[in-house]
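Enquirer: Would you mind keeping the following structure in view while I ask a few things?
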Amino acid sequence: MRKVRMLLVLSVIWGVVLFMFLPATVDRKSAQEMFEQARQNALQANIAFKKCRQFLDDVKKLKDDDSNFYFFSGDIWLVCDAGADVYPFVVVTAYFLEPSFLPALRQTLHDEIRLTSDSKGIPQDFDLKKNQVVPRERSQVIFGASEYCKDGLAAVVEVTGKDEWFLRMKQIMDALHDEIGHGDHYGLGGEVAGNLLQVIVRLYGMTKDKKYLRWGERIADDFLLKRDFKPTVLSDHGCEIISGLTMLYGLEAEVNPNKAREYQPKIQSMLDYILQNGVDTDGLMYLFCGQPPENPMRTDNWGYNYIAFLLYDMVNSSQRYRTAVEKVLLNLPKYKGFPWGCKSTSDFVYLDQLADSVEGGIYLYNRLPLPTAREWIEAEMQTLLSMNFPVHKFGANAVRTTMQYAFMQTQGLYLREWREDVQIGAVRDGKTLYIYLETERDWAGKLCFDVPRHRELLGFSLDYPRINSFPEWFTVKSGQEFIIDGLPRGRRRVTGSVLRKGLSVNLQARQPLRLTVRLR
Numbered sequence: 004m005r006k007v008r009m010l011l012v013l014s015v016i017w018g019v020v021l022f023m024f025l026p027a028t029v030d031r032k033s034a035q036e037m038f039e040q041a042r043q044n045a046l047q048a049n050i051a052f053k054k055c056r057q058f059l060d061d062v063k064k065l066k067d068d069d070s071n072f073y074f075f076s077g078d079i080w081l082v083c084d085a086g087a088d089v090y091p092f093v094v095v096t097a098y099f100l101e102p103s104f105l106p107a108l109r110q111t112l113h114d115e116i117r118l119t120s121d122s123k124g125i126p127q128d129f130d131l132k133k134n135q136v137v138p139r140e141r142s143q144v145i146f147g148a149s150e151y152c153k154d155g156l157a158a159v160v161e162v163t164g165k166d167e168w169f170l171r172m173k174q175i176m177d178a179l180h181d182e183i184g185h186g187d188h189y190g191l192g193g194e195v196a197g198n199l200l201q202v203i204v205r206l207y208g209m210t211k212d213k214k215y216l217r218w219g220e221r222i223a224d225d226f227l228l229k230r231d232f233k234p235t236v237l238s239d240h241g242c243e244i245i246s247g248l249t250m251l252y253g254l255e256a257e258v259n260p261n262k263a264r265e266y267q268p269k270i271q272s273m274l275d276y277i278l279q280n281g282v283d284t285d286g287l288m289y290l291f292c293g294q295p296p297e298n299p300m301r302t303d304n305w306g307y308n309y310i311a312f313l314l315y316d317m318v319n320s321s322q323r324y325r326t327a328v329e330k331v332l333l334n335l336p337k338y339k340g341f342p343w344g345c346k347s348t349s350d351f352v353y354l355d356q357l358a359d360s361v362e363g364g365i366y367l368y369n370r371l372p373l374p375t376a377r378e379w380i381e382a383e384m385q386t387l388l389s390m391n392f393p394v395h396k397f398g399a400n401a402v403r404t405t406m407q408y409a410f411m412q413t414q415g416l417y418l419r420e421w422r423e424d425v426q427i428g429a430v431r432d433g434k435t436l437y438i439y440l441e442t443e444r445d446w447a448g449k450l451c452f453d454v455p456r457h458r459e460l461l462g463f464s465l466d467y468p469r470i471n472s473f474p475e476w477f478t479v480k481s482g483q484e485f486i487i488d489g490l491p492r493g494r495r496r497v498t499g500s501v502l503r504k505g506l507s508v509n510l511q512a513r514q515p516l517r518l519t520v521r522l523r
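And the structure:
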């Protein structure tokens, strides 16, 4: 009997041992794999960050001697190019990689306001050599201002919040509201109207001023209620209205449900029309709705458009369009090296088309992380990173996408006191973040974590899928508590407030630091 009891005890002990150690072995193996992925992500993020940092050096060589402008579009500061496409992503890149450059870029903003604004505050093209405004048709001025706000200032505001760039965006939009905010917006065209809507939604979120909501409703009414709007253009310079109307619909669902119910069947009909008339068998979109299938041209803005489908599903808590979005993501590996909207990949504009296509892919991967999408993004980014990034709108758009790609690899983490030899990468597994850090020379700085910018900077209750944004990956809230393992002094509990301000880190040369951050 005693022997039997002894065997039972030994069996229990052995079971406990197995229970304690076998899962630990699995966890360690899993952690090892996760850290290896984080290391690979760090390599790719480092290449991307260095490429963007080089772009800043190239920018500085184009400084105008007589002003705080830069020659981003030749001798003329074009609002729709230099202002909308180049300047904002110089600002965003400097914000993360070289904050000491920001004061000079603020002076550029001050000169833009002082030298290009008309009596209402609306920006105009400016001749840097002649030091004077370039006369344009009023429709061109309005177009440039809408582009500057939507493509340029809105993208900066997504990162910086209510800073000077927000104030400039608001100033321009208030002036546009007074000039064109009460007419027939359909006559403005889909591009300008779409630009305005995308900014209006952000302005309402940040100010809660119903002037913007009412303006947005007037635009949407002109397209959806007074007309049975169906998009014809699915590429740049036309597809903006698709995202704009859907963003406003998302906002209305939150603040004015009755109005949202009016828009809902119209938005759904618009999206259904696109799928029926503008999409090929693999889910890619043509340049135009109704384009003959035998025409091989596909728009590089396919991802921008599919964002609207995801937003619709988010607002309605449905999966009506999930299959359609998954379809294109599953088929992406077939389109490595595809000449988006170009006759060939040797076309001058291919840099811009590729950058826009990958940007759209990153937006969608952020919401639907399918392995096929990641595979395609990684392959296309190798092509993009091998290309030259000239200091004009095409190169700046490539920088924008490259920064988005880098943050995909770091899960939104960034370094204060960034340096070219310091590598950072991260990968997420549920509530746990695996971080890999390595440097060639000793480094001390701060490891900063992203915040729920959609809520804290833009005032949105939901993280609406939207273009001209930097997707959120791993974010922390002030009141949350996290457990960090892997620090030299052992496990540490920290609040989200600490991580948001930056976790102090000291790295020794060629001695990787592997951290796990887990929400309690």
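Remember, the working numbering sits 3 above the position in the sequence shown when you count from 1. Even glycine gets a Cβ: it sits at the ideal position worked out from N, Cα and C.
So, for T28: in the same chain, excluding its five sequence neighbours on each side, which residues have a beta-carbon less than 6 Å away from its beta-carbon?
Expert: What you label residue 28 is simply residue 25 of the sequence shown in a count that begins at 1. Residue placement at T28 cannot be trusted, given a pLDDT of 36 that sits under 50; the coordinates are not used to answer.
Enquirer: Apart from the five residues on each side of it in sequence, which residues of its chain come closer than 6 Å, Cβ to Cβ, to E441?
Expert: On the sequence shown, position 438 is the one that residue 441 refers to. Excluding positions up to five away in sequence, the list reads Q426, P515.
Enquirer: I need the DSSP call for L199, collapsed to helix, strand or coil.
Expert: Within the sequence shown, numbered from 1, the residue matching residue 199 stands at position 196. The answer is helix: DSSP assigns L199 an H, G or I state.
Enquirer: Please report how far the alpha carbon of A178 lies from the alpha carbon of H395, in whole angstroms.
Expert: Residue numbering aside, residue 178 sits at position 175 when the sequence shown is read from its first letter. Residue numbering aside, residue 395 sits at position 392 when the sequence shown is read from its first letter. When rounded, the distance between both Cα atoms is 28 Å.
Enquirer: Inspect the CB distances between the stretch 436-455 and the stretch 505-515 and report whether three or more fall short of 8 Å.
Expert: Verdict: yes, contact present.
Enquirer: In the DSSP assignment, find the alpha helix (DSSP H) that holds Q279 and state where it starts and stops.
Expert: Reading the sequence shown from its first residue, position 276 is the one you call residue 279. First-last of the alpha helix (DSSP H) with Q279: 260-280.
Enquirer: Compute the distance between the beta-carbons of V328 and L367, then report whether it is under 8 Å.
Expert: Working through the sequence shown from its first residue, we reach residue 328 at position 325. Working through the sequence shown from its first residue, we reach residue 367 at position 364. A contact, by the Cβ cut-off of 8 Å.
Enquirer: Spatial neighbours of E423 within its chain, please: CB distance less than 6 Å, with the 5 preceding and 5 following residues excluded, ordered by chain position.
Expert: Here residue 423 corresponds to residue number 420 of the sequence shown, with the count starting at 1. Same-chain partners within the cutoff: K53.
Enquirer: Give me the Cα-Cα distance between T235 and R419, rounded to the nearest whole angstrom.
Expert: Within the sequence shown, numbered from 1, the residue matching residue 235 stands at position 232. Within the sequence shown, numbered from 1, the residue matching residue 419 stands at position 416. Looking at the two C-alpha atoms, the distance is approximately 45 Å.
Enquirer: So Y215 is in the beta strand (DSSP E); what residue range does that whole segment cover?
Expert: Taking the sequence shown and counting its residues from 1, one reaches residue 215 at position 212. Careful: Y215 lies outside any beta strand (DSSP E), inside the alpha helix (DSSP H) at 213-223.
Enquirer: Can you tell which of D445, L237, M250 has its C-alpha closest to the C-alpha of L465?
Expert: Working through the sequence shown from its first residue, we reach residue 465 at position 462. Of the listed residues, the one whose Cα sits closest to L465 is M250.
Enquirer: Less than 7 Å between C-beta atoms, sequence neighbours within five positions excluded: which residues of the same chain meet that for R444?
Expert: Your numbering for residue 444 matches position 441 in the sequence shown. Excluding positions up to five away in sequence, the list reads D424, A512.
Enquirer: Assign L357 to one of three DSSP states: helix, strand, or coil.
Expert: As a position in the sequence shown, residue 357 is number 354, starting the count at 1. Residue state, collapsed to three classes: helix.
Enquirer: Shorter than 8 Å from the beta carbon of I125 to some beta carbon of chain B?
Expert: The question asks about chain B, but that chain is absent: this structure has only one protein chain.
Enquirer: Helix, strand or coil for D78, going by three-state DSSP, please let me know.
Expert: Taking the sequence shown and counting its residues from 1, one reaches residue 78 at position 75. The answer is strand: DSSP assigns D78 an E or B state.
Enquirer: Considering only residues of the same chain and omitting the five flanking positions on each side of S500, which have a CB-CB separation below 7 Å?
Expert: If you number the sequence shown from 1, residue 500 lands on position 497. Closer than 7 Å at Cβ, skipping near neighbours: S481.
Enquirer: Could you tell me which residues DSSP pairs with I486 in its beta bridges?
Expert: The count along the sequence shown starts at 1 and reaches residue 486 at position 483. DSSP lists R496, R521 as partners of I486.
Enquirer: Can you give, in chain order, each stretch of the beta strand (DSSP E) that sits fully within the stretch 323-367 and has at least 3 residues?
Expert: Whole beta strand (DSSP E) segments, 3+ residues: zero.
Enquirer: Out of D67, T163, G155, D231, which one is the CA nearest neighbour of L199?
Expert: To locate residue 199, count along the sequence shown from 1; it is residue 196. If we check each option's Cα against that of L199, G155 comes out closest.
Enquirer: Can you check whether the CB of L59 is closer than 8 Å to the CB of V93?
Expert: Locating residue 93 in the sequence shown gives position 90, where the first residue counts as 1. Locating residue 59 in the sequence shown gives position 56, where the first residue counts as 1. Result yes, Cβ atoms of V93 and L59 sit closer than 8 Å.
Enquirer: In the DSSP assignment, find the unbroken beta strand (DSSP E) run with W446 in it and report its ends.
Expert: Counted from its first residue, the sequence shown places residue 446 at position 443. Residues 446-451.
Enquirer: State yes or no: is the C-beta of L388 within less than 8 Å of the C-beta of I50?
Expert: Position 385 of the sequence shown, counted from the first residue, corresponds to residue 388. Position 47 of the sequence shown, counted from the first residue, corresponds to residue 50. Yes. Within cutoff.
Enquirer: Identify the continuous alpha helix (DSSP H) that holds Y90 and give its terminal residues.
Expert: Residue 90 sits at position 87 when you count from the first residue of the sequence shown. 90-100 is the extent of the alpha helix (DSSP H) around Y90.
Enquirer: Expressed to the nearest angstrom, what Euclidean distance is found between the alpha-carbon atoms of R521 and N319?
Expert: Here residue 521 refers to the residue found at position 518 of the sequence shown. Here residue 319 refers to the residue found at position 316 of the sequence shown. About 31 Å.
Enquirer: Once DSSP output is grouped into helix, strand and coil, what is the label at A27?
Expert: Taking the sequence shown and counting its residues from 1, one reaches residue 27 at position 24. Its pLDDT being 36, under 50, A27 is placed unreliably by the model, and the measurement read from it follows with that caveat. Looking at A27 - three-state DSSP - the assignment turns out to be helix.
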